[in-house]
Structure formats: C-alpha cells, structure tokens
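Chains as they are written, first to last, in the UniProt record's numbering: chain A, 1 to 329; chain B, 1 to 329; chain C, 1 to 329; chain D, 1 to 329.
The beta carbon of each residue, even a glycine, is placed where N, CA and C say it ideally should be.
Below you'll find the structure, written out as structure tokens, and then a few comments.
There are 4 protein chains.
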Amino acid sequence: MCTALTLKTSEGNHLFGRNMDIEFSFNQSVGIIPRSFEYKNMSTNELEKTKYAIIGMITVIDNHPMLADGLNEKGLACAGLNFPGYAHWESELSEEKINVPAYDFMLWVLSNFETLEELKPELEKLNLLDSRINNLTPPPTLHWIITDKTGQSIVIEKTKSGLRLFNNEVGVLTNSPTFDWHLTNLRQYIGLSSNQVTNAKWSTQELKALGQGVGCVGIPGDFTPASRFVRTAFLRHFALANDKDSMNISEFFHILNNVAMVRGSVRTPDNRSDITQYTSCMNQEKGIYYYNTYNNNNINSIDMHKEDLNAKEIKLFNYEDTLKINNQN
Amino acid sequence: MCTALTLKTSEGNHLFGRNMDIEFSFNQSVGIIPRSFEYKNMSTNELEKTKYAIIGMITVIDNHPMLADGLNEKGLACAGLNFPGYAHWESELSEEKINVPAYDFMLWVLSNFETLEELKPELEKLNLLDSRINNLTPPPTLHWIITDKTGQSIVIEKTKSGLRLFNNEVGVLTNSPTFDWHLTNLRQYIGLSSNQVTNAKWSTQELKALGQGVGCVGIPGDFTPASRFVRTAFLRHFALANDKDSMNISEFFHILNNVAMVRGSVRTPDNRSDITQYTSCMNQEKGIYYYNTYNNNNINSIDMHKEDLNAKEIKLFNYEDTLKINNQN
Amino acid sequence: MCTALTLKTSEGNHLFGRNMDIEFSFNQSVGIIPRSFEYKNMSTNELEKTKYAIIGMITVIDNHPMLADGLNEKGLACAGLNFPGYAHWESELSEEKINVPAYDFMLWVLSNFETLEELKPELEKLNLLDSRINNLTPPPTLHWIITDKTGQSIVIEKTKSGLRLFNNEVGVLTNSPTFDWHLTNLRQYIGLSSNQVTNAKWSTQELKALGQGVGCVGIPGDFTPASRFVRTAFLRHFALANDKDSMNISEFFHILNNVAMVRGSVRTPDNRSDITQYTSCMNQEKGIYYYNTYNNNNINSIDMHKEDLNAKEIKLFNYEDTLKINNQN
Amino acid sequence: MCTALTLKTSEGNHLFGRNMDIEFSFNQSVGIIPRSFEYKNMSTNELEKTKYAIIGMITVIDNHPMLADGLNEKGLACAGLNFPGYAHWESELSEEKINVPAYDFMLWVLSNFETLEELKPELEKLNLLDSRINNLTPPPTLHWIITDKTGQSIVIEKTKSGLRLFNNEVGVLTNSPTFDWHLTNLRQYIGLSSNQVTNAKWSTQELKALGQGVGCVGIPGDFTPASRFVRTAFLRHFALANDKDSMNISEFFHILNNVAMVRGSVRTPDNRSDITQYTSCMNQEKGIYYYNTYNNNNINSIDMHKEDLNAKEIKLFNYEDTLKINNQN
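So this is what it looks like as structure tokens:
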C-alpha cells in the first residue's frame, strides 16, 4: 500500500511525493522521459508522443516507461496508489473518448499537461482501458493524486460507477476505499489536537499527563490505509499550522516516515513483509526528484534540468539502495 | 520524551540507541571520553577517574561530560530517558554507599563496568544524589536502560520508594510511568498481530480487508510514552519474529522512525514543538556510534577505535545537522 | 442520535427496535393507528387512508400521528433515525411520482405494505417532500430502516443525489454518514473477535491476558454514530454466532444498552445531555410493542391484537417513565 | 470479571453496587445475615459472631454465607471483584494478627465495622489466609472496594508484596491489574471530554462532526478490565460534573449497563460466554438492596429494615431471574 503527500515549503516551493509500500522490488529506478518520446498506446495501437519531459520512478518494460510517480518540466506531478477492490477499467474502445490504457494514465497526464486547470476538462473525455503492456503484466489497480505548482491537488478515481475527480484539500492520499470515504472518516478525529492537555480532575481524582502528546490520544497507529490517511492528514495539518516557517524536505520525509511500513510488522496474506521500498519527494518548481530507500535512508537527488530533455532515449539512474553512511572519522 | 531500543543484527552484533525527543537543542554532539579522564564528583567533591573510554552524545558543561547516551569500549551501553513525576534523588550523602550525582550515573556506569553481570551487584550500593553540576543546571529527571554485548538489557529507576532494577525482555524503554506499568500495559495488546486478516462475515455480511495491516488495528498512534512503548515493542518483536535475517542498522532506524516526533504535532505546555532532535544507534561490538538528526536524516558514524582512547581530553565531533543529500547528477 | 437493531429469537420470532437518543422529550407515547384512519397529506392536500393498523411510538400533532418507529399488523416495521447533513427532500411536487412528505414516510410505508418485496418497487416511485405538518415543526432529517417477517432489512436514504435502497445484512443502523460508509468502516474491524487471547510472547517477554475480552481490544467506545454502528454490529454478530439458542427480548435490550447514552457523557453543542430517552423492541410476528425509558428500565408491553384495530381514533398509551421497582419484601 | 461503582444521589444518599460478570451462575441470591449470627472461622477453627446485620448477594455453603457484595445496617458496604494473577493469601496462621480466611474478608468487614475510619486501622492487623470453606471450593482471587455513608471509598489488595489500602477518588473498581495501575492508566485519557467538538479545519479542509460524542473519541470500547475502568470512571465523572441534580438509581444502572457484558461477545478460554449475571445497587442510608439480572432487567428491591435483624437464621430471597414485563394492555 502507499501514502502520498503534498507540502508547501517555507520558501514557497511545492513538494510532492509518496511512500511506495510493497512486498517486493519491481525493478524501479529514477528515469527521465524526454520530450517527443514515442511510445505505443496498446489500446489503440497508435503511436503517442510526449510533449513535456518527465522525471519519475520508472520501470521500463519493452522499452515502455511504467511510472509509479513523476513530475514533468512544467511542475505537474502525479502518483499512482494501489486501489484494490475499487479500480475498474473499460474493456471496449470508445469512439468519442480519448482511449488510454490505465497503466499509461500518469504518462498521458504528465506528458501532455501543464496545470490542473488545463487537465481537468480533458479528464471527462477519458476512456481508461484494461489493456496490458504485455501478457505477463496485468493491468494495475490504481487511483491517482495529481498536483501542480499552485499547490492544489486532485484525486482521480475510476470505479464501476465511472470516473470521479475530487479536489484534495488535505494534501494526502493512501489506498482503498475511495477518497470521499477517507474525508468523511477524518470527521471522526476532529477532537484531536497537537496541544498538550496537562491535567484534569475526574471525580475528585487529580490526573496529570504522563508525557507530551495527550491531545492526540485516539489516533490509530496501525498501517491500514484508513489509519495512515488519518495520521498523515493530522501530521501535515499541524506541521503547517504550528511551524509553517520550518517546512522543508526534512519535514516531508518526517511525515511520511510516521506511516512507513517497518519490515516484519505488516504481513501480506502470503506471509511476506510489506515494507516501504522507497520514499520520493519532488520539488515541483525546481524539477528535482529526491528519494531514499528501505535499505538506504540517505536522500538522493536527480535534477532533471541538468539533463538533456530533448534526448532520444529514456535515461535511467542508479537505484541507490545500499546504505550510505557519512563517516566522521 | 524519548524512545530507546536494542536490536540484534543478523550478523550477531548488538545495536542500541534511542530517539532524543525534546523541544530545544542542548548543544549536544558526539564525543569520546578517554580512559583515565578525571572529573569532579560534585556530591563528594572528590576526583574520579574513568577506567574505560566512552563514546556518546555529550554536552560539555564546565569541562564535565554530560551524557545523553553512550557506549564504552567493552560494549556496555546506556541511555537516560526523561522520567518526570517519578525520578527522585537523595539530598544526603551516605557513608556506606557510593555517592554519585544523578547526572553522573551514566558516566559512572560506562566508565567503570564491562558487563551487566559486573554492574548489577554494584547498583545496590549506589546513593544517587540531587547535586548539580552548576547553579544553572537543575538535576535531571531520568531513568536508564543499560545493555551489554550479551544483548540483555536492564532498566534502572530511582523513585521515592527506592532504586529498582528490572530485566528488560522487550528491549524497549520510553518515559513515565515506571517500566513495570508499561510491561503490564503491553498485556492489553496481545491480541494484535502482524498477520493479515483478509475477510470475515459479520451476521450475513461478507467483509473484506481494505488493505494490509488489519491484524494490528487497535494499536495506539499517538506520541505519549505509553503508546510509543507499545508500538516500539510491537515493531521490534514482529521484526525479529518474521525477518530475523534482515536485521541491521536500517531496521533499527525504521523502528525508531515510527515513534519519532514530527514537528508541529506534539506541542509542549508552553506551545513549542517537541521533535526528535536526533536518533542514535551504537554497534556495541564494533564501538561505532551512528546518529542522524531532525534536519539531516543521513546517518553519520564515528568509530571510537579509530581514536586515541588514552588521549588527555574529551574529543568532540561536529554535530552534522545540515541535510546531506547525495546528488546523482 | 439513535441506534436500531434487528434480531431473530431462538423461537423464530423477529425483533426490531431502537434506542431513541435525544436531549429532550418530544411528548412521545405508544399509540395505535387503526385501519382506515384518515389524514391529510400536506404535500398534496389530499386525504389518505391507512390500509393496515400500526402500533408505534407516536407524537400526535394536529391529530396527525408522527411516528418515531412502528410496526404494522402484517409484521412490517420501520424506524427513522437522525441523518443530519445528508437527508434532503424535494420542494416540488412531481406529477409522475407518489408525493409524500418526508415526515409521513413511515406512516406511508406501514399503512400500505405487507412485506419488503411488496414495498421495494414502490420506493422508486416516491417523491419525498419537505412539507411541514405545521409552521412550528420543521421537516425531519432522517434515514430509515425497514424490516419484515422474513428478518431481512433495508435502509432507505434520500440525499441530494437521490433515493438509495441498501440491503442491510448486519441488522444495524445508526446515524450519519450514509449506510454504505458504515459498512465500509466495519471492514476496519474484521480482526476483532469475541474469542479470548490468553497469552503471547513479545520478544522474550511472556505476556498474559489481564482479563477476558482481549480479542476485542481496538473497538471504539465512544458514542459517535460510527462507533455505535461498529459496536452494535459486533455484539449482534457474536451473539448470534455464539449463543443463537439464547436470543430473546433480554438479549435485544442488552445489545442496545451497550450503545445507550448515559446522562452527562454526551453533550450537545448547546450543552445539554443527549440521553437514550427510550428503547423499543417490537415482536413482528406477535404485534407486541415493548419499550423502556431512561427513568424506568422496566420493560412495558402493548399488544396491538388486544385492541380494536378498526377503531376510529388513535389510541395512546401512558408513557411509563417512572421507575417501577419490584419490591421483594 | 466485574465492575463496581459508587454514586451520590441528588437527594444525598449514597449508592454502591456492581456488575457481576461471570460465565456461570453460582447459586446466588439476596440474603440477610442477622446480628449475632455464628459461623466458624476455618483458619482458626474458632466460632465468630456477627455484630451488625448484613444484606447482600450470598451463596450459602455448609450453612456459611459467602458474600459477593453486601451492606451492613450501619451503611458500610463492600464488594469483592476478581483479581486473578495478583491476589495472594497466606498459608500460615499468625500469632499477632487477626486470622481471617480470604473468602470471609467481606463478612469480617461488614459484621464488625461501622465506618471506614473505624475499619482502616484494623486492616493492618489482618492476616488473610488461603483456607477453604470445604474441599470443593478453592480460595477466591479477589480484591475489594469498601465504602461508607461518607461516600468515601477504599480499595484493599493483598498481593505477594503484602496488603495495600488505596483511597479511591474515582469511585470505580474493575479487575486486574492493581488499582494504582488503573489510576495511572486514566492519565492517558485526560484529553477526553463529554463536550462536543462541532468542527475543525485540517489544512484547508473544513471538517464537521458527524454526530454527537466527538470529544470522547479514543475511549476504548472493549470489555477488558482496563477499558471498563476507563469508561466507568469517565461516565461517573461526567454524570456528576454535568448533571449532579439527576443522580439516582436509574443513573447508577445506566453507567453499569455501559460496561455490562453482552452474551456472546466475551468468550472465556474454554469458550463459554461471560455475561453480567446481575447488577446490584445498595442504598447505604436506607439499607435497601436493589438488583436486576441478565434475564430480568426489572429492578428488584429488598429492604433490610423490614426484616427481623435479630433473627436466628440467614434469610434468603428469591433470585428473580425471569423477565418481568409490565403489560400495559
């Protein structure tokens, strides 16, 4: 499962990224998809061409970039998060609509649009299909969070009832169920606060706090999507509310660390450990992709503007998964 | 507030360390206290001399090393964690007992003993005093966790009822209340598990899990000492139970990240943000001190055996608190 | 707020009823509305006539029976539960549809239909209106649970998106949000169980249960609609699963007692105490209405078949709200 | 397991009673033990004689009254609650102390003392023994709550570390662990309140309460002793704080209903249903014993002052366990 986050820094930049929680590696690495990169739309069998260059976490399958999350040169960013039991794709091509395989949705968004404003009206015209990139790769079960340099974000969910677009005012996304369910769920927790409650008197008994954090007692600590949504929304809100002047990349990683999956504590039905394979954080203004991995918490960065965005091929960067320690002596 | 942890690596080394959660910096940095270092016992006004060299997180006040946590050259390690409302020190010197200021307890332990076995019988002879290092520095309110190369750990608490020693079989310590209260509290949570519950039928309604992590629903997510204790004990146990062969420094930091305080979400009564200033992790066999900080998640390391342990002075290392990023292009 | 419940007894009868949670009395009492009782439909200004006799908790306003919950002579039963922020009524009459004021929905259902099968297709034809019985009485904000002698139940919700009918397989209803949200919320709790967990070993620490009930740790104890829904669904399921042969009126009241509001513990925004004014329980086969009140826990009963169901007028019974104690000496 | 409660009524009377939670009937019924009733102390083999008459829930074994809870003619009242894993009795008679079998503790208290003030100094002289009333009946594992007409209450616990007396300022007792652990545990919940939180804004998202009760979110809903203690202490405090003028027998039963065990939901290790067999409530000023049972929620009452307290024999009253309904027609 996964958790995505947006955060405005004290300097006015916009950060966007996610925890990728999954029990196996999918051969991912940061890559840059250049402008005018051609790829085949497996639903229509037609060739498509990217307009904007993209940096993101990519798995290349049959020379096709499968994005987990990414950012384009205009500052539009997107992440796909698992949405099992809800995601539903069409199997029939539509003559009136834009036919896009569900696995290519992020590529379509990031390669064609500059802003949410530009994107939103096009989303209604979309026909998302269950086509496969190849026989070995089943269609994904995703919903998406998309954000641009305004800091606004939206969530796109395609279920059996059709495609829905939500304005996302909490800047968070996790997994199933649907986004509106999670928003309603937050309403259970509005009594929680970052403020300390130092003491109370119940009947005639004086009761003092045992330590900081009493105002937040009741927040769930498990790793289900609903609980991660509540915790992330809580942490983001109170970070911005209390310490707006200290928002930076470190804060971004701290928030996502709280909902990261620790090896051993979350087991899949087939008894493997679901872990946070990597955490990404993109600076939308600067075009920089930051990430660290389960085995290497040191943050790596790749600046798309240091590369040739008109290159012919996808450029992949080494996935730095070996612990990098700063030896002070 | 704070959280301490012990963890045995897959290679058989023993890791020990802690989150330091506090709303301000106390001018800390890693330092090495050499063998035969002399300092004044402010309770007795006598000079003391270290037997073993120590590496730890230190604040030097009046040329005196105040330890937050540390490790000696024999692999004995100790951390002090806040214990407000419970810690109690004597104000009278004892003629029969060993008089040690409470603030020097860790220094006394690490500079004199090699193992828990050697230390334990001496603890009974201890008279812990409320002496101050100087007028500006009040006595601390601490309890301690101590561990050696056997991987065993103990907790020392001195309250108004006297000094108590607990064997610590869960390898975790947080803050108030007393250790035995926390152990009893764990018994509330024995129904929780890392295993997934995939579905159930309540009345005639089929209910499927929305995502991984259902077996752990009910674990508290807040930052009070009790909740951090439960989460850390849960994560440590299931890490070792399910993935014993993947235990290493990364795992150690992942566990402590889960209970780390995120800026903004935990406010002190005077409305400041309690944050995890640093996380430390000591390899007890190798004599290496690892740490990262709130502003710099990159792990730093200092190997005590690369230094002259017979030096005359305390050696301090730079506190690396500026974000260090690995630029891949 | 309120909680409704269905339960099949060991003898094969079907019980249906509810907690009425509200901070004031609304002059309610059990009443019987006879067959062929005439009343004005305030939306159409036409006279309507009941087909079936009804027993229920009633407030008579302007000679009009306002039902809180009730049962008809055919065993069809219905309760209205507060649904603030979601309930939405039309303001325009429809020419094609059956125009019914929202406040008369229960009267319309119970006076016209025998079974859910008969009722369901008619619900689509319904136009629920915001008409008022008089100027002093605003339209209600309700959703409804309806059940018949098959033991099946349905939930009817009319929001801005239209009228929805849900099959209710958990036999429970509380308040906002919508029924499908609550069903999804149950999926968070499928790891909970009535079974005892007696011991566990976390790391090397043996941990024994402190008392019964460990398998249910994590269930929320507050009085919000979501928490009452979870608790009631849990209690109903495990009662039927473990003790199907002991299901009777007592069990029905025990389940609802668990989610009943205790004076003082739930305060409204204007600082009054929300309490469970009464609990009702109808035997659908026998036509008996049982209830007790906040001030009188003794269960009262009224058997509709002991009355003349062809009477001209509504017959009201005394609301027994004074504590009735059985003096044994 | 069990829950005990004290409550001062609006009229100034003191109520005391408990839920008896157990998976089987123990042949209990209300009985009156007269003044000067003789019984054998099985530890000393001497005859004892009651000074004050007692009314309580009794099982008579070999003509010996085993009390579950009771009240004497002076208004002193006591209840024994299960305390497994902690209760410890002596096996050796003491020459200096008063030797009392643990199972006779309540009988000794109620038959000899008028007030807590009178009782407290005698408790130190007590040697509680593991003697048995007969071979078939093992010693109980209990701790006790005792209260008098001042409304004050105390808790008595005898563990391996000796006998401890706690002043009970919250007016509640449940089961294991020790009373001081529960008091400390309450300090986790001091952020909870009966007051409604109507809305909040997290980030830019407005969040409205879904229903009443938001200030109490985080309170545990399960049936473990710790959770029942928290809920009962919460309900008692806020009842008295918000509605002191409505405190009466009904309120007493409402509070205990919230923590009563519902059949099916709490299973013992040998898979039987732990249920609240009865709830008792004694008016300490009036000498009246009220109770209802799992199968009969109608409250029964027995007034000790209507009986001959100088009778020779224990008088037992019928245990009214058959549902008593008030038929209104």
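DSSP beta-bridge partners of residue i
{"i": "D245 of chain D", "result": "Note: D245 of chain D sits in no beta bridge, so no partner."}
{"i": "W202 of chain C", "result": "C:Q205"}
{"i": "F252 of chain A", "result": "In DSSP, F252 of chain A forms no bridge with anything."}
{"i": "K40 of chain D", "result": "D:L47"}
{"i": "I314 of chain A", "result": "Bridge partners of I314 of chain A: none, in fact."}
{"i": "W144 of chain B", "result": "B:G80 and B:I156"}
{"i": "S280 of chain A", "result": "A:R18 and A:Y291"}
{"i": "S29 of chain A", "result": "A:I58"}
{"i": "L273 of chain D", "result": "Going by the sequence as given, residue 273 of chain D is Ser instead of Leu. D:R267, per the DSSP bridge assignment."}
{"i": "D303 of chain A", "result": "A:I288"}
8 Å CB neighbourhood of residue i in its chain, flanking five on each side removed
{"i": "K40 of chain D", "result": "E46, L47, E48 and H64"}
{"i": "S94 of chain B", "result": "N127"}
{"i": "T268 of chain B", "result": "E23 and D274"}
{"i": "R132 of chain C", "result": "M42, P101, Y103, P138 and P139"}
Supposed close pair residue i, residue j - CB separation, criterion 8 Å
{"i": "Q188 of chain C", "j": "A226 of chain A", "result": "6 Å"}
{"i": "L116 of chain D", "j": "I154 of chain D", "result": "6 Å"}
{"i": "D148 of chain A", "j": "G75 of chain A", "result": "6 Å"}
{"i": "residue 343 of chain C", "j": "A260 of chain C", "result": "Lying before the first or after the last residue shown, residue 343 of chain C is absent from chain C, which here runs from 1 to 329."}
{"i": "L207 of chain A", "j": "L123 of chain D", "result": "Between L123 of chain D and L207 of chain A the Cβ distance is about 26 Å, and since that is not below 8 Å, they are no contact."}
{"i": "E23 of chain C", "j": "D274 of chain C", "result": "5 Å"}
{"i": "T174 of chain D", "j": "E157 of chain D", "result": "Rounded, the Cβ-Cβ distance is 13 Å, inconsistent with contact."}
{"i": "V266 of chain A", "j": "S194 of chain B", "result": "6 Å"}
Contact set between residue i and chain F, taken where Cβ atoms lie within less than 7 Å
{"i": "A226 of chain D", "result": "Given the protein chain composition of this structure (A, B, C and D), no chain F is represented."}
Beta-carbon spacing of residue i, residue j below 8 Å
{"i": "E251 of chain A", "j": "R263 of chain B", "result": "yes"}
{"i": "residue 330 of chain C", "j": "N99 of chain C", "result": "The structure shown does not extend to residue 330 of chain C, since chain C is modelled only from 1 to 329, so the question has no answer here."}
{"i": "C2 of chain A", "j": "N82 of chain A", "result": "yes"}
{"i": "G221 of chain D", "j": "E73 of chain D", "result": "no"}
{"i": "residue 334 of chain A", "j": "F16 of chain A", "result": "A question about residue 334 of chain A goes unanswered here, because the residues of chain A that appear run from 1 up to 329."}
{"i": "L129 of chain D", "j": "P101 of chain D", "result": "yes"}
{"i": "A53 of chain A", "j": "V172 of chain A", "result": "no"}
{"i": "F223 of chain C", "j": "C216 of chain D", "result": "yes"}
{"i": "F317 of chain C", "j": "V30 of chain C", "result": "yes"}
{"i": "I32 of chain C", "j": "K324 of chain C", "result": "no"}
{"i": "E307 of chain A", "j": "N13 of chain B", "result": "no"}
{"i": "W181 of chain C", "j": "T184 of chain A", "result": "yes"}
{"i": "I255 of chain B", "j": "A241 of chain B", "result": "no"}
Own chain partners of residue i with C-beta closer than 6 Å, once the 5 adjacent residues on each side are dropped
{"i": "E38 of chain C", "result": "L47 and K49"}
{"i": "D21 of chain B", "result": "M1, C2, M261, D274 and T276"}
{"i": "A311 of chain B", "result": "P34"}
{"i": "Y278 of chain C", "result": "M20, Y291 and T293"}
{"i": "G56 of chain D", "result": "L67, D69 and G70"}
Nonlocal neighbours in the same chain, by C-beta distance under 7 Å from residue i, ignoring five residues either side
{"i": "P84 of chain B", "result": "T141 and S176"}
{"i": "T59 of chain C", "result": "F26, N27, Q28 and M66"}
{"i": "M106 of chain D", "result": "L67, G70, C78, G80 and W144"}
{"i": "T322 of chain A", "result": "N295 and N296"}
Requested in this report: Indicate whether the contact test is met: 3 or more Cβ pairs, each with one atom in the region 231-241 of chain B and one in the region 240-260 of chain A, closer than 8 Å.
Outcome: no
Report task. Could you say if the region 195-204 of chain D and the region 152-170 of chain C meet the contact criterion of at least three C-beta pairs nearer than 8 Å? Result -> no
Report task. Would you be able to state if there are at least three C-beta pairs under 8 Å between the region 301-321 of chain A and the region 287-295 of chain B? Result -> no
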